[in-house]
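Participant: Heads up: the sequence shown at position 108 corresponds to 282 in the working numbering, and the numbers run straight through without jumps.
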Amino acid sequence: MRMRLNATRAAAACLVVGAIAGVPAQQQPPPQQYDLLLKGGHVIDARNRISAVRDVAIADGKIAAVAARIDPALASKVVDVSNLYVAPGLIDIHVHVFAGTGERGSYAGDNSVYPDGFTFRSGVTTVVDAGCAGWRNFDDFKQRIIDRSKTRVLAMLNIVGNGMRGGKFEQDLSDMDARATADMALRHKGLIVGVKTAHFSGPEWAPVERAVEAGTIANLPVMVDFGTNRPERPLSELVTKKLRPGDIYTHLYSGLRNEQLESGAVNPALFEGRKRGVIFDVGHGGGSFLWRIAVPAMKAGFVPDSISTDLHIGSMNAGMKDMLNVMDKFLAMGMPLDDVMLRSTWNPAKEIGRDDLGHLSPGAPADVVVLRVEKGRFGFVDMYGARLQGTQKLAAELTLRDGKVVYDLNGITRPDWNTLPRDYRQTGDAKWDAITPAPRPSGRGGGANP
Ligand SMILES: [Zn+2]
């Protein structure tokens with residue numbers, strides 16, 4: 175009788191809990207409600223103003239909880255990440271990844287790289303292709319790269335219909351159609367997150383004006399690579415008049431377009447543009463980052479809103495290397511780690527209107543990076559081969575995409591081999607592992623969903 179009473183009480187309690195959680199009482203949560211628990215790391219989540227030791231629990235590919243202590247018994251898999259940093263997966267809003275077309279000398283071809291080869295190993299889970307494709311070749315880019323990458327690949331559409339296929343296309347004003355560009359962007363909301371203008375060498379404002387027109391129709395930001403420096407269209411007019419609040423000036427520290435005055439001072443137009451709400455982005459690239467521009471600008475307080483790589487076949491083996499190396503450069507210039515992370519996660523997410531990304535709020539996609547800060551003597555090289563010495567270097571220990579391990583540098587999620595059965599096979603579980611999950615009757619794990 176007593177037992178029955180207790181059972182009834184327990185059932186009533188479950189009903190209440192179930193009602194609160196919004197699930198039927200019959201489907202009580204299993205004892206292990208989390209698929210993965212990252213335990214004891216220093217969480218840096220700029221949007222939620224967290225920079226402290228926290229546990230992070232993940233379920234069904236989403237962040238389930240972030241708290242000072244989460245019971246490890248509630249998780250199928252627990253990973254000790256103490257002495258490491260845990261942050262949202264990095265968002266690199268300036269890359270070139272339209273690889274595989276076979277076109278020589280073209281960013282819609284051989285100058286691009288395949289995203290998955292360069293992202294997870296440096297903690298990047300989301301990239302934005304910055305204008306390799308225009309409205310004419312976006313469908314090809316989508317089916318060739320976006321739809322089949324594990325990396326979350328988004329795009330800024332080039333105002334040039336043919337995209338970044340080289341001079342004869344990129345200088346052709348007749349192929350810069352605001353309406354066609356906006357129409358394509360509106361067909362892929364959330365996937366096309368901006369309009370790009372780049373590499374223009376003429377005196378006309380038309381590429382910028384039409385990009386802004388397309389951005390206005392589609393309600394998207396414009397990113398500007400301001401091309402050849404021309405007196406007919408000065409930087410000051412671009413950032414104080416032509417661009418709207420939320421538009422993005424990339425290649426901030428190139429020094430190629432009067433970002434720095436003869437005196438060495440930061441062009442005051444940049445401060446004025448920032449006051450108007452124009453965004454300033456690094457876009458390091460092969461030819462867009464100089465210590466003699468960046469160091470004085472940082473000292474004068476002109477810090478970037480977002481840190482991005484301008485990843486392509488030329489930059490990756492030169493001074494740029496990868497996202498973490500570009501972030502290291504800002505650490506080396508004295509920017510605190512929390513500020514570096516803000517500019518590599520939440521700020522870029524906001525800039526591209528994807529505020530579902532770049533943070534670790536419960537319910538957000540569990541794109542996560544676990545970072546180690548290595549101490550030592552490191553050298554960082556700019557576009558002309560000048561070096562700046564630093565004492566810190568970031569390394570990606572673990573990268574998760576939608577809650578699953580896609581990169582694990584030192585096997586911190588893995589068992590020691592000699593603790594396993596003599597005939598061991600795949601050690602992972604598809605609940606949390608996208609690299610070596612044991613085969614499941616229900617099929618494969620992982621998969622991309624931009
Ligand atoms: Zn670029």
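All C-beta atoms in this analysis are idealised placements derived from N, C-alpha and C, irrespective of residue type, glycine included.
Computed from a predicted structure; not experimentally measured.
#1: Are the beta-carbon atoms belonging to M515 and A241 less than 8 Å from one another?
#2: Measuring CB atoms only, is the stretch 300 to 319 touching the stretch 261 to 270, in the sense that at least three cross pairs come out at less than 8 Å?
#3: Helix, strand or coil for A238 per DSSP?
#4: Say yes only if the C-beta of D351 is nearer than 7 Å to one or more non-hydrogen atoms of ligand 1, and no if none qualify.
#5: Below 7 Å, is the gap between the Cβ of H533 and the nearest heavy atom of ligand 1?
#6: Determine whether the beta carbon atoms of P655 and G429 lie at a separation below 8 Å.
#7: Check each candidate in M338, R450, G457, F463 and name the one with the smallest Cα separation from R561.
#8: Given the structure, does G493 come close to ligand 1, in the sense that its CB is under 7 Å from one of the ligand's heavy atoms?
#9: Who pairs with K370 in a beta bridge, going by DSSP?
#10: Identify, in the order they occur along the chain, each residue of the same chain with its Cβ nearer than 8 Å to the Cβ of H486, setting aside the five sequence neighbours on each side.
#11: May I ask which residues mark the beginning and end of the beta strand (DSSP E) holding A226?
#12: Would you say V396 and A385 are within 8 Å of each other, going by their C-beta atoms?
#13: Indicate whether S256 and Y208 have their beta-carbon atoms separated by less than 8 Å.
#14: Which residues does DSSP pair with S480 in a beta bridge?
#15: The alpha helix (DSSP H) with L516 in it runs from where to where?
#16: If you scan the stretch 553 to 577 from start to end, which runs of the beta strand (DSSP E) of 3 or more residues do you find wholly inside it?
#17: D421: beta carbon under 7 Å from a heavy atom of ligand 1?
#18: Would you list, in sequence order, the uninterrupted alpha helix (DSSP H) runs of no fewer than 4 residues that lie entirely inside the stretch 238 to 321?
#19: With a threshold of 8 Å, are at least 3 pairs of Cβ atoms found where one atom belongs to the stretch 318 to 338 and the other to the stretch 351 to 370?
#20: Going by DSSP in three states, M350 sits in which element: helix, strand or coil?
#21: If distances are taken between C-alpha atoms only, which option among G215, L211, H216 comes closest to A247?
#22: Quick one, are the C-beta atoms of V230 and I224 less than 8 Å apart?
#23: Is M494 near D502, with beta carbons less than 8 Å apart?
#24: I want to check one thing, is the minimum distance from the CB of D484 to the heavy atoms of ligand 1 below 7 Å?
Facilitator: Quick look at the numbers:
#1: Taking the first residue of the sequence shown as position 1, residue 515 is located at position 341. Taking the first residue of the sequence shown as position 1, residue 241 is located at position 67. Not closer than 8 Å, so no.
#2: yes
#3: In the sequence shown, the residue the question calls residue 238 occupies position 64. Three-state result, A238: strand.
#4: Position 177 of the sequence shown, counted from the start, is the residue given in the question as residue 351. No - ligand 1 has no heavy atom lying nearer than 7 Å to the Cβ of D351.
#5: For this step, residue 533 is matched to residue 359 along the sequence shown. No.
#6: The chain is shown from 175 up to 624; residue 655 falls before or after that span and cannot be answered.
#7: To locate residue 561, count along the sequence shown from 1; it is residue 387. Ranking the options by Cα distance to R561, first place goes to F463.
#8: Residue numbering aside, residue 493 sits at position 319 when the sequence shown is read from its first letter. No - ligand 1 has no heavy atom lying nearer than 7 Å to the Cβ of G493.
#9: By 1-based counting over the sequence shown, the position of residue 370 is 196. Answer is N332, M397.
#10: As a first step, residue 486 is located in the sequence shown; it is residue number 312 there, counting from the start. Closer than 8 Å at the Cβ level, and outside the excluded window around H486, lie V269, H270, Y281, N285, S286, V287, G459, G460.
#11: Residue mapping note: residue 226 aligns to position 52 of the sequence shown, counting from 1. First-last of the beta strand (DSSP E) with A226: 224 to 233.
#12: One-based indexing of the sequence shown puts residue 396 at position 222. One-based indexing of the sequence shown puts residue 385 at position 211. Yes, they are a contact pair.
#13: As a first step, residue 256 must be located in the sequence shown, where it is residue number 82. As a first step, residue 208 must be located in the sequence shown, where it is residue number 34. In this structure, Y208 does not lie closer than 8 Å to S256 by Cβ.
#14: As a working mapping, residue 480 is identified with position 306 in the sequence shown. Answer is D455.
#15: As a first step, residue 516 must be located in the sequence shown, where it is residue number 342. That run of the alpha helix (DSSP H) goes 511 to 516.
#16: 561 to 575
#17: If you number the sequence shown from 1, residue 421 lands on position 247. Checking every heavy atom of ligand 1 against the Cβ of D421, none is found closer than 7 Å.
#18: 312 to 318
#19: yes
#20: As a first step, residue 350 must be located in the sequence shown, where it is residue number 176. Looking at M350 - three-state DSSP - the assignment turns out to be strand.
#21: Residue numbering aside, residue 247 sits at position 73 when the sequence shown is read from its first letter. Residue L211 is the option with its Cα nearest to A247.
#22: Along the sequence shown, one-based indexing puts residue 230 at 56. Along the sequence shown, one-based indexing puts residue 224 at 50. No.
#23: Here residue 494 refers to the residue found at position 320 of the sequence shown. Here residue 502 refers to the residue found at position 328 of the sequence shown. In this structure, D502 does not lie closer than 8 Å to M494 by Cβ.
#24: Counted from its first residue, the sequence shown places residue 484 at position 310. The answer is yes for D484.
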